[in-house]
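**Student:** Just so you know, we're using UniProt numbering here: the sequence shown kicks off at 1 and counts up by one.
Glycine is no exception: its CB is placed at the ideal position from the N, C-alpha and C atoms.
Questions regarding the structure given below will be posed in turn.
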Amino acid sequence: MSHLGLVVNPTAGQGRGTAVGRQVRALLEAEGHRVEDLSAPTIALASERARAAAVHGLDALVVVGGDGMVHLGANVAVGTELPLGIVPAGTGNDIARALGLPRSDVRAAVARIDAGLAAGPRHVDAVRVGTPDHGAHEWYVGVLSCGLDAAVNARANTLRWPSGSARYVRAVAAELGGFRPYGYRLTLDDMVWESAGTLVAVANAPWIGGGLHIAPDAVLDDGLLDVVVAGPFTRSGAVRIFPSIYRGKHVRHPAVDVFRTRSILIEPVDALGATPPPAFADGEHIGPVPLRAQVVPGALAVLA
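This is the structure we're talking about:
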(Lines of atoms letter the chains of each structure in order from A and count residues from 1; the text may use other names and numbers.)
(Lines give C-alpha, C1' and ligand atoms only; values in the text may rest on other atoms or scores of the structure.)
Protein backbone atom coordinates (compact mmCIF):
# COMPACT_ATOMS: atom_id res chain seq x y z
CA MET A 1 0.00 0.00 0.00
CA SER A 2 1.33 3.43 -0.95
CA HIS A 3 0.74 6.66 0.94
CA LEU A 4 -0.29 9.26 -1.64
CA GLY A 5 -0.81 12.99 -1.26
CA LEU A 6 -3.61 14.39 -3.44
CA VAL A 7 -3.95 18.03 -4.50
CA VAL A 8 -7.02 18.98 -6.54
CA ASN A 9 -7.73 22.25 -8.30
CA PRO A 10 -11.51 22.58 -7.83
CA THR A 11 -11.82 25.16 -10.63
CA ALA A 12 -10.01 23.03 -13.23
CA GLY A 13 -11.92 22.10 -16.38
CA GLN A 14 -14.46 24.89 -15.87
CA GLY A 15 -15.40 23.68 -12.41
CA ARG A 16 -15.12 19.92 -12.98
CA GLY A 17 -12.04 19.61 -10.81
CA THR A 18 -13.84 18.71 -7.58
CA ALA A 19 -15.81 15.89 -9.17
CA VAL A 20 -12.72 14.54 -10.93
CA GLY A 21 -10.79 14.75 -7.66
CA ARG A 22 -13.40 12.64 -5.88
CA GLN A 23 -13.24 10.06 -8.65
CA VAL A 24 -9.45 9.95 -8.51
CA ARG A 25 -9.45 9.43 -4.77
CA ALA A 26 -12.01 6.65 -5.01
CA LEU A 27 -10.06 4.89 -7.76
CA LEU A 28 -6.76 5.12 -5.90
CA GLU A 29 -8.29 3.87 -2.65
CA ALA A 30 -9.93 1.01 -4.55
CA GLU A 31 -6.42 -0.04 -5.60
CA GLY A 32 -5.43 -0.17 -1.93
CA HIS A 33 -3.56 3.14 -1.63
CA ARG A 34 -3.88 5.42 1.39
CA VAL A 35 -4.82 8.86 0.08
CA GLU A 36 -4.28 12.09 2.03
CA ASP A 37 -6.15 15.07 0.59
CA LEU A 38 -3.85 18.10 0.67
CA SER A 39 -6.08 20.42 -1.35
CA ALA A 40 -6.56 23.97 -0.10
CA PRO A 41 -8.41 27.17 -1.03
CA THR A 42 -5.23 28.75 -2.44
CA ILE A 43 -2.28 27.52 -4.46
CA ALA A 44 0.12 28.83 -1.81
CA LEU A 45 -1.58 26.91 0.99
CA ALA A 46 -1.84 23.75 -1.10
CA SER A 47 1.89 23.98 -1.86
CA GLU A 48 2.67 24.44 1.83
CA ARG A 49 0.56 21.46 2.81
CA ALA A 50 2.10 19.29 0.10
CA ARG A 51 5.65 20.19 1.16
CA ALA A 52 4.87 19.43 4.79
CA ALA A 53 3.33 16.08 3.90
CA ALA A 54 6.29 15.20 1.68
CA VAL A 55 8.69 15.83 4.55
CA HIS A 56 6.67 13.57 6.83
CA GLY A 57 6.62 10.77 4.29
CA LEU A 58 4.70 10.30 1.04
CA ASP A 59 5.27 7.69 -1.63
CA ALA A 60 3.99 10.04 -4.34
CA LEU A 61 2.19 13.31 -4.88
CA VAL A 62 -0.82 13.25 -7.22
CA VAL A 63 -2.18 16.46 -8.75
CA VAL A 64 -5.54 16.86 -10.45
CA GLY A 65 -5.92 19.84 -12.77
CA GLY A 66 -4.16 21.56 -15.62
CA ASP A 67 -0.63 22.78 -16.23
CA GLY A 68 -0.79 25.05 -13.19
CA MET A 69 -1.23 22.04 -10.92
CA VAL A 70 1.68 20.27 -12.59
CA HIS A 71 3.68 23.45 -11.91
CA LEU A 72 2.69 23.25 -8.23
CA GLY A 73 3.59 19.58 -8.05
CA ALA A 74 6.95 20.08 -9.74
CA ASN A 75 7.88 22.83 -7.30
CA VAL A 76 7.19 20.43 -4.43
CA ALA A 77 8.83 17.36 -5.96
CA VAL A 78 11.90 18.59 -7.85
CA GLY A 79 15.10 17.82 -5.99
CA THR A 80 13.48 15.10 -3.90
CA GLU A 81 12.81 11.41 -4.50
CA LEU A 82 9.07 12.12 -4.48
CA PRO A 83 7.43 11.08 -7.78
CA LEU A 84 4.62 13.14 -9.28
CA GLY A 85 1.39 11.63 -10.59
CA ILE A 86 -0.77 13.70 -12.93
CA VAL A 87 -4.48 13.42 -13.69
CA PRO A 88 -5.21 15.98 -16.43
CA ALA A 89 -8.37 17.97 -15.71
CA GLY A 90 -7.60 21.46 -17.01
CA THR A 91 -8.41 23.28 -20.22
CA GLY A 92 -4.90 23.10 -21.69
CA ASN A 93 -3.09 20.06 -20.27
CA ASP A 94 -0.03 20.72 -22.42
CA ILE A 95 2.43 18.99 -20.08
CA ALA A 96 0.22 15.91 -19.90
CA ARG A 97 0.14 15.96 -23.69
CA ALA A 98 3.94 16.05 -23.80
CA LEU A 99 4.11 13.11 -21.36
CA GLY A 100 1.65 11.07 -23.43
CA LEU A 101 -0.87 10.85 -20.59
CA PRO A 102 -4.59 10.21 -21.18
CA ARG A 103 -6.27 13.63 -21.22
CA SER A 104 -9.93 12.71 -21.34
CA ASP A 105 -10.07 9.45 -19.40
CA VAL A 106 -9.72 9.73 -15.62
CA ARG A 107 -9.71 5.97 -15.09
CA ALA A 108 -6.89 5.52 -17.63
CA ALA A 109 -4.88 8.36 -16.07
CA VAL A 110 -5.17 6.79 -12.62
CA ALA A 111 -4.15 3.43 -14.08
CA ARG A 112 -0.95 5.09 -15.37
CA ILE A 113 -0.21 6.33 -11.85
CA ASP A 114 -0.81 2.89 -10.38
CA ALA A 115 1.44 1.31 -13.02
CA GLY A 116 4.13 3.92 -12.36
CA LEU A 117 4.08 3.16 -8.65
CA ALA A 118 4.64 -0.50 -9.43
CA ALA A 119 7.27 -0.11 -12.15
CA GLY A 120 9.04 3.05 -10.99
CA PRO A 121 8.92 6.65 -12.26
CA ARG A 122 10.22 8.25 -15.42
CA HIS A 123 12.73 11.07 -14.93
CA VAL A 124 12.26 14.20 -17.02
CA ASP A 125 14.02 17.56 -17.10
CA ALA A 126 12.88 20.56 -15.10
CA VAL A 127 13.92 24.18 -15.54
CA ARG A 128 15.05 26.51 -12.77
CA VAL A 129 14.05 30.14 -13.42
CA GLY A 130 14.63 33.30 -11.44
CA THR A 131 16.16 36.75 -11.50
CA PRO A 132 19.91 36.73 -12.20
CA ASP A 133 20.77 38.85 -9.15
CA HIS A 134 19.03 36.74 -6.51
CA GLY A 135 19.06 33.13 -5.38
CA ALA A 136 15.27 32.81 -5.26
CA HIS A 137 13.86 30.69 -8.06
CA GLU A 138 11.09 28.34 -9.03
CA TRP A 139 10.76 25.42 -11.41
CA TYR A 140 8.81 24.81 -14.56
CA VAL A 141 8.27 21.78 -16.77
CA GLY A 142 6.70 23.15 -19.95
CA VAL A 143 7.43 26.51 -21.57
CA LEU A 144 8.61 29.90 -20.33
CA SER A 145 6.87 32.64 -22.34
CA CYS A 146 8.52 36.06 -22.49
CA GLY A 147 6.95 37.97 -25.40
CA LEU A 148 3.59 38.25 -27.10
CA ASP A 149 3.04 34.69 -25.92
CA ALA A 150 3.28 35.91 -22.30
CA ALA A 151 0.95 38.86 -22.91
CA VAL A 152 -1.55 36.47 -24.48
CA ASN A 153 -1.23 34.09 -21.53
CA ALA A 154 -1.98 36.90 -19.10
CA ARG A 155 -4.99 37.99 -21.16
CA ALA A 156 -6.26 34.40 -21.51
CA ASN A 157 -6.19 34.01 -17.73
CA THR A 158 -8.78 36.79 -17.46
CA LEU A 159 -11.20 35.13 -19.88
CA ARG A 160 -13.92 32.72 -18.80
CA TRP A 161 -14.69 31.34 -22.23
CA PRO A 162 -14.07 29.56 -24.51
CA SER A 163 -11.89 26.67 -23.34
CA GLY A 164 -8.59 25.22 -24.50
CA SER A 165 -6.72 26.79 -27.39
CA ALA A 166 -9.82 28.76 -28.45
CA ARG A 167 -9.35 30.95 -25.37
CA TYR A 168 -5.76 31.56 -26.49
CA VAL A 169 -6.99 32.60 -29.95
CA ARG A 170 -9.39 35.11 -28.43
CA ALA A 171 -6.59 36.50 -26.26
CA VAL A 172 -4.30 36.86 -29.30
CA ALA A 173 -6.92 38.96 -31.07
CA ALA A 174 -7.26 41.21 -28.02
CA GLU A 175 -3.51 41.66 -27.50
CA LEU A 176 -2.64 42.45 -31.11
CA GLY A 177 -4.62 45.69 -31.01
CA GLY A 178 -1.91 47.58 -29.15
CA PHE A 179 1.07 45.41 -30.00
CA ARG A 180 4.51 46.69 -30.87
CA PRO A 181 7.73 44.62 -30.87
CA TYR A 182 9.78 44.21 -27.70
CA GLY A 183 13.52 44.72 -27.24
CA TYR A 184 15.63 41.73 -26.17
CA ARG A 185 19.09 40.48 -25.43
CA LEU A 186 19.26 36.69 -25.07
CA THR A 187 22.51 35.21 -23.81
CA LEU A 188 22.70 31.47 -24.52
CA ASP A 189 25.49 28.95 -23.91
CA ASP A 190 27.37 29.84 -27.08
CA MET A 191 25.79 32.96 -28.60
CA VAL A 192 23.94 36.23 -27.99
CA TRP A 193 20.76 37.20 -29.83
CA GLU A 194 19.91 40.91 -29.61
CA SER A 195 16.96 42.23 -31.55
CA ALA A 196 13.49 43.62 -31.55
CA GLY A 197 11.17 40.66 -31.33
CA THR A 198 7.63 39.42 -31.11
CA LEU A 199 7.91 36.15 -29.25
CA VAL A 200 10.43 34.39 -27.01
CA ALA A 201 9.55 30.90 -25.78
CA VAL A 202 12.04 28.88 -23.73
CA ALA A 203 10.68 25.39 -24.18
CA ASN A 204 11.29 22.19 -22.27
CA ALA A 205 8.10 20.73 -23.78
CA PRO A 206 6.53 21.24 -27.22
CA TRP A 207 3.13 22.80 -26.49
CA ILE A 208 1.52 25.89 -24.98
CA GLY A 209 -1.97 27.37 -24.98
CA GLY A 210 -3.89 24.10 -25.14
CA GLY A 211 -2.17 22.55 -28.14
CA LEU A 212 -0.16 25.26 -29.90
CA HIS A 213 2.95 23.44 -31.16
CA ILE A 214 5.35 26.21 -30.22
CA ALA A 215 8.55 24.10 -30.12
CA PRO A 216 7.97 21.04 -32.30
CA ASP A 217 11.31 19.37 -31.56
CA ALA A 218 11.42 20.00 -27.81
CA VAL A 219 11.93 16.82 -25.76
CA LEU A 220 11.32 16.52 -22.04
CA ASP A 221 14.39 14.45 -21.28
CA ASP A 222 17.16 15.62 -23.64
CA GLY A 223 18.88 18.01 -21.22
CA LEU A 224 18.32 20.96 -23.57
CA LEU A 225 16.00 23.92 -23.97
CA ASP A 226 14.52 24.86 -27.35
CA VAL A 227 14.48 28.66 -27.54
CA VAL A 228 11.98 29.85 -30.14
CA VAL A 229 12.39 33.51 -31.12
CA ALA A 230 10.42 35.52 -33.66
CA GLY A 231 11.68 38.79 -35.07
CA PRO A 232 9.77 42.08 -35.10
CA PHE A 233 6.57 41.08 -36.88
CA THR A 234 3.99 43.72 -37.66
CA ARG A 235 0.48 43.16 -36.33
CA SER A 236 -0.66 41.79 -39.69
CA GLY A 237 2.42 39.58 -39.89
CA ALA A 238 1.70 38.14 -36.46
CA VAL A 239 -1.89 37.45 -37.50
CA ARG A 240 -0.73 35.62 -40.61
CA ILE A 241 1.82 33.41 -38.86
CA PHE A 242 -0.32 32.51 -35.86
CA PRO A 243 -2.38 29.69 -37.49
CA SER A 244 0.82 27.89 -38.48
CA ILE A 245 1.77 27.48 -34.79
CA TYR A 246 -0.93 24.81 -34.39
CA ARG A 247 1.08 22.51 -36.68
CA GLY A 248 4.53 23.76 -35.70
CA LYS A 249 5.13 25.18 -39.18
CA HIS A 250 5.94 28.67 -37.90
CA VAL A 251 9.53 27.52 -37.33
CA ARG A 252 10.00 27.44 -41.11
CA HIS A 253 9.39 31.20 -41.38
CA PRO A 254 12.60 33.14 -42.13
CA ALA A 255 11.95 35.51 -39.22
CA VAL A 256 11.69 32.64 -36.71
CA ASP A 257 14.75 30.93 -35.21
CA VAL A 258 15.13 27.99 -32.84
CA PHE A 259 18.26 27.76 -30.70
CA ARG A 260 19.29 24.98 -28.34
CA THR A 261 20.94 25.72 -25.03
CA ARG A 262 21.24 24.53 -21.45
CA SER A 263 20.82 28.01 -19.97
CA ILE A 264 19.60 31.42 -21.07
CA LEU A 265 19.61 34.95 -19.70
CA ILE A 266 16.73 37.10 -20.98
CA GLU A 267 17.19 40.87 -20.67
CA PRO A 268 15.18 43.84 -21.93
CA VAL A 269 16.80 46.34 -24.31
CA ASP A 270 14.71 49.50 -24.31
CA ALA A 271 16.54 50.99 -27.30
CA LEU A 272 15.31 48.13 -29.51
CA GLY A 273 11.62 48.08 -28.61
CA ALA A 274 8.98 48.01 -25.89
CA THR A 275 9.69 46.42 -22.51
CA PRO A 276 8.73 42.72 -22.65
CA PRO A 277 5.67 41.77 -20.59
CA PRO A 278 5.97 39.76 -17.36
CA ALA A 279 6.90 36.16 -18.11
CA PHE A 280 4.75 33.07 -17.56
CA ALA A 281 5.74 29.42 -17.25
CA ASP A 282 3.34 26.47 -17.35
CA GLY A 283 0.68 29.17 -17.59
CA GLU A 284 1.70 30.61 -14.21
CA HIS A 285 3.01 34.12 -13.55
CA ILE A 286 6.80 34.26 -13.09
CA GLY A 287 7.62 37.97 -13.24
CA PRO A 288 9.44 40.60 -15.27
CA VAL A 289 12.72 40.16 -17.12
CA PRO A 290 15.66 39.96 -16.61
CA LEU A 291 15.35 36.25 -15.94
CA ARG A 292 17.77 33.37 -16.08
CA ALA A 293 16.59 29.84 -16.90
CA GLN A 294 18.64 26.66 -16.67
CA VAL A 295 17.58 23.11 -17.44
CA VAL A 296 18.39 20.42 -14.89
CA PRO A 297 18.36 16.98 -16.52
CA GLY A 298 16.20 14.33 -14.87
CA ALA A 299 15.25 16.58 -11.97
CA LEU A 300 11.60 15.50 -11.83
CA ALA A 301 10.28 11.97 -11.36
CA VAL A 302 6.85 11.45 -12.92
CA LEU A 303 4.50 8.47 -12.81
CA ALA A 304 4.12 8.39 -16.58
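1. Return helix, strand or coil for G85, following the three-state DSSP convention.
2. Which ranges does the beta strand (DSSP E) cover as unbroken runs of at least 3 residues, wholly within the stretch 177-201, from first to last along the chain?
3. Determine the extent of the beta strand (DSSP E) in which V123 is found, giving its start and end residues.
4. Only counting the same chain, and skipping five residues up and downstream in sequence, which positions put a Cβ closer than 8 Å to that of A174?
5. Grouping DSSP H, G and I as helix and E and B as strand, with all else coil, what is H253?
6. According to DSSP, is F242 part of a helix, a strand, or is it coil?
7. Would you check if the stretch 101-121 and the stretch 249-257 touch, i.e. whether three or more CB-CB distances between them fall below 8 Å?
8. Whose C-beta lies closer than 6 Å to the C-beta of Q23 among residues of the same chain, with five residues either side of it excluded?
9. Which stretch, first to last residue, makes up the beta strand (DSSP E) that contains H3?
10. Using DSSP bridges, identify the partner residues of F233.
11. Going by Cα to Cα distance, which pick from A52, G85, N153, F233 is closest to P277?
12. So what does DSSP say about S39, is it helix, strand or coil?
13. Taking the alpha-carbon positions, what's the E36 to L265 distance?
14. Could you give the DSSP three-state label for S104: helix, strand or coil?
15. Which first and last residues belong to the alpha helix (DSSP H) in which R16 is found?
16. Across the stretch 54-64 and the stretch 73-84, are there enough close Cβ pairs to call them in contact, namely three or more that are closer than 8 Å?
17. For residue 305, list the residues DSSP reports as bridge partners.
18. Once DSSP output is grouped into helix, strand and coil, what is the label at D270?
19. Under a three-way DSSP split, which group does R160 fall into?
20. Tell me the DSSP bridge mates of T261?
21. Should the stretch 229-236 be called in touch with the stretch 124-134, which here means at least 3 C-beta pairs below 8 Å?
22. Identify every residue that forms a DSSP beta bridge with S145.
23. Which value, in whole angstroms, describes the spacing of the CA atoms of V87 and A109?
24. Alpha helix (DSSP H) containing G68: first to last residue?
25. Please list the terminal residues of the continuous beta strand (DSSP E) segment that includes residue 306.
**Tutor:** Quick look at the numbers:
1. Along the sequence shown, one-based indexing puts residue 85 at 85. It is a strand residue.
2. 182-187, 192-197
3. As a working mapping, residue 123 is identified with position 123 in the sequence shown. Looking at the sequence provided, one finds His at residue 123 rather than Val. 122-130 is the extent of the beta strand (DSSP E) around H123.
4. Residue numbering aside, residue 174 sits at position 174 when the sequence shown is read from its first letter. Counting only Cβ-Cβ distances below 8 Å, and skipping sequence neighbours, we find R155.
5. Position 253 of the sequence shown, counted from the first residue, corresponds to residue 253. Three-state DSSP puts H253 in coil, outside helix and strand.
6. Numbered from 1 along the sequence shown, position 242 holds the residue referred to as residue 242. Note: F242 maps to helix in three-state DSSP.
7. no
8. Within the sequence shown, residue 23 is the residue found at index 23, counting from 1. Closer than 6 Å at Cβ, skipping near neighbours: V106.
9. Stepping through the sequence shown from its first residue, residue 3 is reached at position 3. Element bounds for H3: 3-8.
10. As a position in the sequence shown, residue 233 is number 233, starting the count at 1. Looking at the DSSP assignment, F233 forms no beta bridge with any residue, so it has no partner.
11. One-based indexing of the sequence shown puts residue 277 at position 277. Cα-wise, what sits closest to P277 is N153.
12. Counting from one through the sequence shown, the residue named residue 39 turns up at place 39. It is coil, neither helix nor strand.
13. Taking the first residue of the sequence shown as position 1, residue 36 is located at position 36. Taking the first residue of the sequence shown as position 1, residue 265 is located at position 265. Cα-Cα distance, rounded: 40 Å.
14. Mapped onto the sequence shown, residue 104 falls at position 104. Coil at S104, not helix or strand.
15. On the sequence shown, residue 16 is found 16 positions in, with the first residue counted as 1. That residue, R16, is in no alpha helix (DSSP H); it is neither H nor E in DSSP.
16. yes
17. Since the first and last residues shown for the chain are 1 and 304, residue 305 lies out of range.
18. One-based indexing of the sequence shown puts residue 270 at position 270. Of the three classes helix, strand and coil, the one that applies to D270 here is helix, per DSSP.
19. Taking the sequence shown and counting its residues from 1, one reaches residue 160 at position 160. Residue state, collapsed to three classes: coil.
20. If you number the sequence shown from 1, residue 261 lands on position 261. Note: T261 sits in a beta bridge opposite L225.
21. no
22. In the sequence shown, the residue the question calls residue 145 occupies position 145. According to DSSP, S145 bridges with A201, F280.
23. By 1-based counting over the sequence shown, the position of residue 87 is 87. By 1-based counting over the sequence shown, the position of residue 109 is 109. For V87 and A109, the distance between alpha carbons rounds to 6 Å.
24. As a working note, residue 68 is residue 68 in the sequence shown. It spans 67-77 - the alpha helix (DSSP H) in which G68 sits, taken as one unbroken run.
25. Because residue 306 is not part of the residues shown, which for the chain are 1 to 304, the question remains open.
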